Amino acid sequence: MLNLKKRYYPFSWLLGILLILSIFYREYESLSYTLQMIVLLLKSHYEGFRLNIFFYALSLLLDMCRFKVLSLMALILYLYLTHKLNNYYLPDGGSPVGHLYLKGGLLNNYKYIPEMAIYYPACQEDCKKRKKGFKWLKVKDYAKKMDDTAKKDVRRKRRVPYLFFKIVVSQFYKFMINVYENAQIDVNFAETSSDLAKFSVIVLSHGLASHCDGYSVIARYLAQQGHIVFVPEHIENIRNIYLTNEENREYRKLQLQDRINTLKQVFDIIYDDKHFSNLFQHPQKKIQPDFDQISIIGHSFGGSAAYALAQIEKRLTGACILYDPCLYIFDFEEKIKLHIPLMSINADDFYRRLYSFMENDERLEKAFQLIDGPISDHCANIYIKDQQHADFSDIPIIWNGESGLYSISKNVHEVHLRFGMILLLTKIFLEQSKQYHKIKHDKVNQDGNEQLKSIILREVEKNFDVQSQKLLRWKSIPDK
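Just so you know, we're using my numbering here: the sequence shown kicks off at -4 and counts up by one.
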């Protein structure tokens, strides 16, 4: 289970107290307004703004117009939301994690990768000399990305205006990832020889409207397990001008090819001995990838790219893990040849509820049915109860309250449980895939993938409890 620390907003409460002062004590009105402006500046710098700021602005305006009762009502709503909308800090603790942020330099040789984040286990002694923390968000137009995503979800009941995103996104720039920039890599997690240290490598492809540090919880966790995690930035249009489903499908196919080109260039870097070792300087060891353990993870449209590469990219040698992938752009007519195990961890009903025309769940189940050969015994398609599409990213942690209010997430008070489940399932499958590659498989087991299923359920019970097993199901439509 993921341990999360609640984030408090003292300047928000201070604004409310000062507004109460101006409403009930007119003799302090000028002083209150002056102090409020100072606190607003401090809040903008240290906390950013949230949904409740709209009710504060309304209350202040009504107070200035001498509508005392209405101002008080708006203030009560402001204080209620300040209390109700919980957010959390990004996780801390555990072994230290190093972080590289690449832009330009090496990437000038790779035109499809504008930026990239790399997470890896870091040397504890070296981290003592460094300052911890790296800004979660650096993208300047992130509000536009979120607005485009909201408009794309035409069936969502609650529409979100662009002004809302423009204001509340400001708080995202205040969050820090608990990593050490440019720290020395910890070779204790590697398979070592006299002068070499080999690490398993994972490439993570983010979803539409996200960015290369938007999955820091998962990337950081994997780094603490001893993996090096490459997360390239994907720059693409989220919305498109095509109106029909088929036109939209063809447009997404073009975007998919661009993603594939990006990810192939990431593999070029991983397999370039000089470039890879130069990224992770170490005084005693030369750092290399473990070429038998190169895996890929993708969320949403990133899952589309990961699934496509699992079929064609021979440099993938570990596992392919999909987080609620979008597969409606694929045709499933023939047997699917895979050389690495495949797992999909899916949201409860995202595609059925908002994009039923895609028939995504049906396509996903067919994708697993068509996997050919003994490797099918080592693949799994899992759904998590109440899991929402955005819950695989950092958003339900740093935007917890608003995520619940706008139906981006469900049961937001249980985000630590469902996130813990994702991390555990990912860890289990990576370990089982490693075992799979050590054994030669030449025939299909009679019990199918029941062995893998029992291992997963046993580990879930061990790390959570028996009741937590009920959160998992193995088909898209739950039993009545």
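Every residue, glycine too, gets a C-beta built ideally from N, C-alpha and C.
Values in this document were obtained by computation on a predicted structure and should not be read as measured data.
Member of the options whose CA lies at the smallest distance from the CA of residue i
i           : options               : result
residue 210 : 424, 391, 284 and 7   : 391
residue 349 : 359, 384, 115 and 118 : 384
residue 108 : 301, 260, 214 and 252 : 260
residue 40  : 76, 165, 183 and 12   : 165
residue 339 : 353, 351, 329 and 314 : 314
residue 171 : 135, 97, 100 and 85   : 85
residue 129 : 177, 402 and 58       : 177
residue 110 : 116, 102 and 117      : 102
residue 199 : 37, 227, 193 and 418  : 227
residue 265 : 246, 289 and 253      : 289
residue 249 : 423, 293, 299 and 201 : 299
residue 476 : 141, 183 and 297      : For residue 476 there is no data in the structure shown, the boundaries of the chain being -4 and 475.
residue 1   : 454, 472, 395 and 427 : 395
residue 285 : 193, 321, 272 and 412 : 193
residue 344 : 323, 450 and 356      : 356
residue 393 : 36, 308 and 44        : 44
residue 206 : 220, 167 and 241      : 167
Residues bridged to residue i (per DSSP)
i           : result
residue 283 : 193
residue 110 : 98
residue 83  : 1
residue 223 : 196
residue 480 : The structure shown does not extend to residue 480, since the chain is modelled only from -4 through 475, so no value can be given for it.
residue 92  : 116
residue 468 : 378
residue 290 : 197
residue 127 : 175
residue 366 : 331
Spatial distance of residue i from residue j (CA atoms)
i           : j           : result
residue 277 : residue 88  : 24 Å
residue 441 : residue 327 : At residue 441, the pLDDT of 48 sits below 50, so the modelled position is not reliable; the number obtained from the coordinates is stated separately. Rounded to the nearest angstrom, the two C-alpha atoms are 25 Å apart.
residue 333 : residue 80  : 44 Å
residue 213 : residue 60  : 49 Å
residue 365 : residue 329 : 7 Å
residue 269 : residue 280 : 14 Å
residue 311 : residue 70  : 56 Å
residue 459 : residue 416 : 9 Å
residue 457 : residue 404 : 26 Å
residue 106 : residue 30  : 50 Å
residue 51  : residue 359 : 46 Å
residue 72  : residue 244 : 43 Å
residue 218 : residue 19  : 54 Å
residue 422 : residue 158 : 40 Å
residue 184 : residue 119 : 12 Å
residue 131 : residue 112 : 11 Å
residue 25  : residue 32  : 11 Å
residue 467 : residue 418 : 14 Å
residue 412 : residue 27  : 43 Å
Residue i at chain C interface by Cβ criterion, 8 Å
i           : result
residue 321 : As a matter of chain content, chain C is missing from the structure shown, which is built from one protein chain.
Expected contact under 8 Å - CB spacing of residue i and residue j to nearest Å
i           : j           : result
residue 274 : residue 95  : 6 Å
residue 196 : residue 222 : 7 Å
residue 224 : residue 114 : 4 Å
residue 34  : residue 10  : 5 Å
residue 116 : residue 92  : 7 Å
residue 202 : residue 294 : 4 Å
residue 378 : residue 471 : 6 Å
residue 253 : residue 231 : 6 Å
residue 14  : residue 23  : Not confirmed; about 11 Å, so no contact.
residue 374 : residue 336 : 6 Å
Continuous beta strand (DSSP E) assignments of at least 3 residues falling wholly in the region 370 to 439:
Counting whole runs of 3 or more residues, the region 370 to 439 contains the beta strand (DSSP E) stretches 375 to 379.
Could you name each continuous alpha helix (DSSP H) segment of 4 residues or more that falls completely within the region 171 to 221, going from the start of the chain to the end?
Fully enclosed alpha helix (DSSP H) runs of no fewer than 4 residues occupy 211 to 219 of the region 171 to 221, in order along the chain.
Entirely enclosed alpha helix (DSSP H) segments - the region 20 to 48, minimum 4 residues
Segments of the alpha helix (DSSP H) lying fully in the region 20 to 48: 24 to 41.
Which residue spans inside the region 49 to 77 form an unbroken beta strand (DSSP E) run of at least 3?
Within the region 49 to 77, no complete beta strand (DSSP E) run reaches 3 residues.
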